[in-house]
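K.L.:
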Amino acid sequence: MPMPMPTPLHELDAFEDALVARFEEHPVLAGISLLPDEDFAALLLQRRFVSLAFTPSYDLAIDLLRDEAGKRIARVILREEYPGGDGHTPSHREDMTHDLGLLGISRDALVASRPTAATRRSVEDAFELIAASGAHDDCDLRLLTVLRFWGEVLVSAEYGRLWERMGPRFARGGENRSRFYHPHRVHDAKTQPLARVSLLSGSHSDRLAARVTELLAREGSSDCFKELEERSVQLKTAFYDQFLPALDRVGV
Ligand SMILES: [Fe+2]
Numbered sequence: 098m099p100m101p102m103p104t105p106l107h108e109l110d111a112f113e114d115a116l117v118a119r120f121e122e123h124p125v126l127a128g129i130s131l132l133p134d135e136d137f138a139a140l141l142l143q144r145r146f147v148s149l150a151f152t153p154s155y156d157l158a159i160d161l162l163r164d165e166a167g168k169r170i171a172r173v174i175l176r177e178e179y180p181g182g183d184g185h186t187p188s189h190r191e192d193m194t195h196d197l198g199l200l201g202i203s204r205d206a207l208v209a210s211r212p213t214a215a216t217r218r219s220v221e222d223a224f225e226l227i228a229a230s231g232a233h234d235d236c237d238l239r240l241l242t243v244l245r246f247w248g249e250v251l252v253s254a255e256y257g258r259l260w261e262r263m264g265p266r267f268a269r270g271g272e273n274r275s276r277f278y279h280p281h282r283v284h285d286a287k288t289q290p291l292a293r294v295s296l297l298s299g300s301h302s303d304r305l306a307a308r309v310t311e312l313l314a315r316e317g318s319s320d321c322f323k324e325l326e327e328r329s330v331q332l333k334t335a336f337y338d339q340f341l342p343a344l345d346r347v348g349v
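Residues 98 to 349 in our numbering are what the sequence shown lists, from first letter to last.
1) Does the distance from the C-beta atom of ARG218 to that of ALA335 stay below 8 Å?
2) Name the two residues that bound the continuous alpha helix (DSSP H) containing HIS123.
3) If the criterion is Cβ atoms closer than 8 Å, does the pair LEU157 and PHE246 meet it?
4) Give me the Cα-Cα distance between ALA111 and ARG258, rounded to the nearest whole angstrom.
5) Quick check: ILE129 and ARG262, are their CB atoms within less than 8 Å of each other?
6) Taking the C-alpha atoms as reference points, what is the distance between SER193 and ARG145?
7) For LEU109, which residues of its own chain have a beta-carbon under 7 Å away from its beta-carbon, when the five flanking residues on both sides are left out?
8) Helix, strand or coil, according to DSSP, for GLU272 in the structure here?
9) Under the three-state reduction of DSSP, which class applies to ASP235: helix, strand or coil?
10) Looking at the unbroken alpha helix (DSSP H) that takes in ARG258, where does it start and where does it end?
11) Would you be able to state if there are at least three C-beta pairs under 8 Å between the segment 275–282 and the segment 196–208?
12) If we ignore side chains and look at the alpha-carbon of each, how far apart do HIS281 and TYR256 end up?
13) Just to confirm the assignment, what range does the alpha helix (DSSP H) spanning TYR278 have?
14) Identify, in the order they occur along the chain, each residue of the same chain with its Cβ nearer than 7 Å to the Cβ of THR152, setting aside the five sequence neighbours on each side.
15) Quick one: residues in its chain with C-beta nearer than 7 Å to the C-beta of ASP235, no 5 flanking neighbours on either side, listed in chain order?
16) Can you tell me the Cβ-Cβ gap for SER76 and SER302, rounded? I've got them flagged as a contact below 8 Å.
17) Give every residue of the same chain whose Cβ lies closer than 6 Å to the Cβ of VAL117, excluding the five residues on either side of it in the sequence, and list them in chain order.
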């Protein structure tokens with residue numbers, strides 16, 4: 098049997114850019130400015146539970162990775178979530194709580210908040226996607242693809258949409274007071290096409306892409322890359338679907 102020809106990277110770029118564009122058009126994300134305040138707050142509180150599951154997802158993937166180079170990239174990204182070793186610097190998750198506070202979400206609301214069934218499923222499905230990826234011969238390509246697309250590229254797309262609504266709330270004088278949503282929107286983003294990515298690029302997506310593209314060349318097939326990117330979008334789409342009734346209530 099002839100070896101499968103690798104899909105040219107520019108085709109994979111077009112494939113994933115189209116997926117991201119489709120995801121950004123999810124009615125809840127595209128209509129984020131139309132949601133009543135209480136529904137927007139509920140969405141952010143639910144999205145917080147997905148963020149709380151971000152670091153265990155990375156830990157799970159690191160456990161299953163066999164590729165030392167990929168593991169190193171994932172470890173560095175994970176450690177960036179917890180800056181400073183002296184206990185004086187908030188973690189990125191604490192930065193999220195800080196931002197939620199500036200958006201008017203009280204500590205009481207935070208205390209009372211529990212994940213919905215749809216949110217729990219979204220988190221469980223992400224763990225499952227990672228765990229199942231570890232079972233394949235090409236597990237390294239699969240795991241890094243999920244970390245990059247589910248954990249970085251799509252997150253930046255989500256926060257880009259949320260920012261349309263929350264951005265003005267963070268502005269004071271010429272200062273942007275967001276410590277979580279805005280920085281993550283920037284440092285998680287895909288800033289370079291797969292076809293031109295370099296390790297020198299600082300964004301989380303691009304750093305992972307540097308190894309993903311090498312593994313794509315090694316494996317020779319990009320079927321799992323496409324499949325996992327599609328599954329990542331499905332999983333996140335299901336999360337936002339739970340807020341469709343809120344849009345219905347305002348007649349969208
Ligand atoms: Fe990130």
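Every residue, glycine too, gets a C-beta built ideally from N, C-alpha and C.
P.N.:
If we stick to the structure as given:
1) yes
2) Where HIS123 is concerned, there is no enclosing alpha helix (DSSP H), given that its DSSP letter is neither H nor E.
3) Cβ distance not < 8 Å, so LEU157 and PHE246 don't count as in contact.
4) When rounded, the distance between both Cα atoms is 21 Å.
5) Cβ atoms of ILE129 and ARG262: closer than 8 Å.
6) Here residue 193 is Met; the residue named in the question, Ser, does not match the sequence. Cα to Cα, the separation comes out at about 8 Å.
7) LEU291, SER319 and PHE322
8) strand
9) coil
10) Unbroken alpha helix (DSSP H) run through ARG258: 251–267.
11) Three or more Cβ pairs closer than 8 Å define a contact, and the segment 196–208 meets that threshold against the segment 275–282.
12) So the two alpha carbons sit approximately 8 Å from each other.
13) 278–284
14) LEU175 and GLU178
15) So the qualifying residues of the chain are GLU316 and CYS321.
16) No information on residue 76 is available, as it lies outside the stretch 98 to 349 that the chain covers here.
17) Closer than 6 Å at the Cβ level, and outside the excluded window around VAL117, lie ALA254.
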